[in-house]
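S.K.: For reference, the structure I am asking about is given below.
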Amino acid sequence: YMEPHALVPINNKIAMLMEDERHEERRICQKLTEMLLAREKAILKAQDLVSQIDLMWGIYNITRAYHWTLPEIVQKSNFYLVSARHPLLGSQAVPIDIHCGKSFKALVITGPNTGGKTVALKTVGVCVYLAWCGLPIPVKEGSTIGYFSCLEADIGDEQSIEQSLSTFSSHVKRIIEMLNQADKYSLFLIDELGAG
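Per this note's numbering, residue 6 is the first one in the sequence shown, and the count goes up by one each step.
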């Protein structure tokens, strides 16, 4: 293809106009950036405020739609959950009442496979963490969450081929790590102790 002589000035003009357009876009973007940077503190403050409002609105909607409640926070290291449900299971989950720390410091959950033992442990863990964040939890009124120095969990199969660990030895390794940081206010959730 050979460009006809009559089109050369037109194509040159189009190329110049396109370059002028790119230059104008850069100038506008630079001007807008300068305007934003001049208001950076106000914009960041507004962003923080909007995110807090969004969080409060989300909490309100979850509380209203799913009937979650704010638990009573107590200074003792215990928990008492009334009709607790795992948040990911929603209304299909069978509610459980579960407590520990008031009259006994250890709770052993037994039952058949697929009986809900692991879900019960996960429900406790999620509820405690949500309460620590000051958020409502999927329980009924009368639930309490106490003070714990830490919450650690060993739930699931952490077998590692790279480290040549069996299921049992990986559990033992994790439990040793947990015990090394334990104090009388620790909350440990251990699933299938001795598995493997």
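From the three backbone atoms N, C-alpha and C, an ideal C-beta is built for every residue, glycine too. Since the structure is predicted, the reported quantities are computational estimates derived from the model, not experimental observations.
Using a Cβ distance threshold of 8 Å, determine whether the segment 110 to 130 contacts the segment 90 to 100, with at least three qualifying pairs required.
M.R.: yes
S.K.: For D159, count neighbouring C-beta atoms within 10 Å of its own C-beta (all shown protein chains included) and say buried if the count is 16 or more, exposed if not.
M.R.: Buried, since its Cβ has 16 or more Cβ neighbours within 10 Å.
S.K.: Nearest-angstrom Cα distance between Q164 and K46?
M.R.: Note that Q164 has pLDDT 48, beneath the 50 cutoff, so the model's placement of it is unreliable and no number is given.
S.K.: For A51 and Y65, what's the separation of their Cα atoms in angstroms?
M.R.: 21 Å
S.K.: Given a cut-off of 7 Å on the beta-carbon distance, is the pair S191 and C138 in contact?
M.R.: no
S.K.: With a Cβ-Cβ cutoff of 7 Å, do G151 and F84 count as a contact?
M.R.: yes
S.K.: Distance, Cα to Cα, G153 vs P143?
M.R.: Note on identity: in this sequence residue 153 is Phe, with Gly being the wrong assignment. The alpha-carbon atoms of F153 and P143 are separated by roughly 20 Å.
S.K.: First and last residue of the alpha helix (DSSP H) that includes F173?
M.R.: 172 to 185
S.K.: Take S96 as the anchor and find which of I67, T38, I78, L22 has the nearest alpha-carbon.
M.R.: I67
S.K.: So if DSSP puts S191 in a beta bridge, which residue, or which two residues, is it bridged to?
M.R.: C155
S.K.: Threshold first: 4 residues or longer. Then list the alpha helix (DSSP H) segments lying entirely within the segment 12 to 60, N to C.
M.R.: 13 to 43
S.K.: Are V87 and K178 close, meaning C-beta to C-beta below 7 Å?
M.R.: no
S.K.: Given a cut-off of 7 Å on the beta-carbon distance, is the pair P117 and T74 in contact?
M.R.: no
S.K.: Closest to I101 by C-alpha separation, out of L198, I58, I181, I114, would be which residue?
M.R.: I114
S.K.: What is the C-beta distance between G121 and V99, in whole angstroms, given that I count them as a contact (C-beta under 8 Å)?
M.R.: Contact flag correct, Cβ pair sits at about 7 Å.
S.K.: Starting from L140, follow the alpha helix (DSSP H) in both directions and report where the run begins and ends.
M.R.: Counting along the chain, no alpha helix (DSSP H) covers L140, and no H or E run does either.
S.K.: What does DSSP give as the partner residue(s) for C105 in the beta ladder?
M.R.: F84
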